[in-house]
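Asker: Here it is, the structure in full.
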Amino acid sequence: MQIIQIAIDGPAGSGKSTVAKIVAERLNITYLDTGAMYRAVTLEALNKHIDLNDSQALRVLVDQLDLQITVDRIRVNGVDCTEAIRTPAVTQNVSYVAKDAYVRAQMVALQQKIAGNQSVVMDGRDIATHVLPNAAYKYFLVAAIKERAKRRILDLKAKGFDNTIEEMMAEIEARDKIDQERETAPLVQAKDAKCIDTTALTIENVVQYILEDVKKDQVELK
Numbered sequence: 002m003q004i005i006q007i008a009i010d011g012p013a014g015s016g017k018s019t020v021a022k023i024v025a026e027r028l029n030i031t032y033l034d035t036g037a038m039y040r041a042v043t044l045e046a047l048n049k050h051i052d053l054n055d056s057q058a059l060r061v062l063v064d065q066l067d068l069q070i071t072v073d074r075i076r077v078n079g080v081d082c083t084e085a086i087r088t089p090a091v092t093q094n095v096s097y098v099a100k101d102a103y104v105r106a107q108m109v110a111l112q113q114k115i116a117g118n119q120s121v122v123m124d125g126r127d128i129a130t131h132v133l134p135n136a137a138y139k140y141f142l143v144a145a146i147k148e149r150a151k152r153r154i155l156d157l158k159a160k161g162f163d164n165t166i167e168e169m170m171a172e173i174e175a176r177d178k179i180d181q182e183r184e185t186a187p188l189v190q191a192k193d194a195k196c197i198d199t200t201a202l203t204i205e206n207v208v209q210y211i212l213e214d215v216k217k218d219q220v221e222l223k
């Protein structure tokens, strides 16, 4: 049997997390939402009123953090924060935390440890370029910013939040700028990653593309 690593990167609203989770389910292998890890750190920092630009304070916070993550739940210091990490406040601030070099190094080390000796699907912004650079399957999802904004609005509306398309587009553009310009592991397509424009595609379209790409190699998964 063979261990495979599938890396799915892309900006906010590109569909990477939804696609990655379904691909992992269909292949019956481990799924890891790395973005949830950075969101958990952000939530804890906000709860403790930490300046998100204070690297030393973030270092202390991360060193004391007990982070437990499964496919469906995430806990910080024993407290389930699965829903709390998806609030607008966390979304608007997570890029500031994720650009911190120490926070990123600690999260990457944990992500690589979780991947370990098992087949895994990971999604994020630097999986193919930094976390799993030797992954056999790499994909970079993109979509038109208006479509990405519409998707985010639908997600938030289901949670009771209302945003205009203009507000959401501005927020996404701001996140993109921070993610793309950070010094440590910026958001960029890996040279050997396949780019998928999801603007006019359904989730199932993208899932099937990836599954067919993986299955064409006739790998027997471990």
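Each residue of the sequence shown is one higher than the one before, counting from 2 in the working numbering.
Glycine included, each C-beta is placed from N, C-alpha and C at the ideal position.
Since this is a predicted model, take the numbers as computed values, not measurements.
Taking all protein chains shown into account, do 16 or more other C-beta atoms lie within 10 angstroms of the C-beta of I5, making it buried, or fewer, making it exposed?
Answerer: As a first step, residue 5 must be located in the sequence shown, where it is residue number 4. When all chains shown are included, I5 counts as buried.
Asker: Among residues of its own chain, excluding the 5 on either side of G108, which ones have a beta-carbon nearer than 6 angstroms to its beta-carbon?
Answerer: Within the sequence shown, residue 108 is the residue found at index 107, counting from 1. Position check: residue 108 holds Met in this sequence, whereas Gly was assumed. So the list reads M38, once near-sequence residues are dropped.
Asker: Can you tell me the Cβ-Cβ gap for A106 and A191, rounded? I've got them flagged as a contact below 8 angstroms.
Answerer: What you label residue 106 is simply residue 105 of the sequence shown in a count that begins at 1. What you label residue 191 is simply residue 190 of the sequence shown in a count that begins at 1. Not quite, the Cβ-Cβ distance comes to about 19 angstroms (not below 8 angstroms), so this is no contact.
Asker: Counting Cβ pairs, one atom from each stretch, are 3 or more of them under 8 angstroms apart for the segment 9-23 and the segment 142-159?
Answerer: yes
Asker: Take the Cβ of I75 as the centre, count every other Cβ of all protein chains shown within 10 Å, and call the residue buried at 16 or more, exposed below.
Answerer: Walking along the sequence shown from the start, residue 75 turns up at place 74. The residue in question, I75, is buried, as its Cβ has 16 or more Cβ neighbours within 10 Å.
Asker: Going by the CB atoms, is the gap between L47 and V91 shorter than 8 angstroms?
Answerer: Position 90 of the sequence shown holds residue 91. Position 46 of the sequence shown holds residue 47. Yes, these two residues count as a Cβ contact at 8 angstroms.
Asker: When DSSP labels each residue in this structure, what does T130 get in the three-state scheme?
Answerer: As a working mapping, residue 130 is identified with position 129 in the sequence shown. Note: T130 maps to helix in three-state DSSP.
Asker: Check K49 in the structure and name its three-state DSSP category.
Answerer: Position 48 of the sequence shown holds residue 49. Three-state result, K49: coil.
Asker: Give every residue of the same chain whose Cβ lies closer than 8 angstroms to the Cβ of L59, excluding the five residues on either side of it in the sequence, and list them in chain order.
Answerer: Numbered from its first residue, the sequence shown carries residue 59 at position 58. The residues are V42, A46, I51, L53, V98, D101, Y103, V104.
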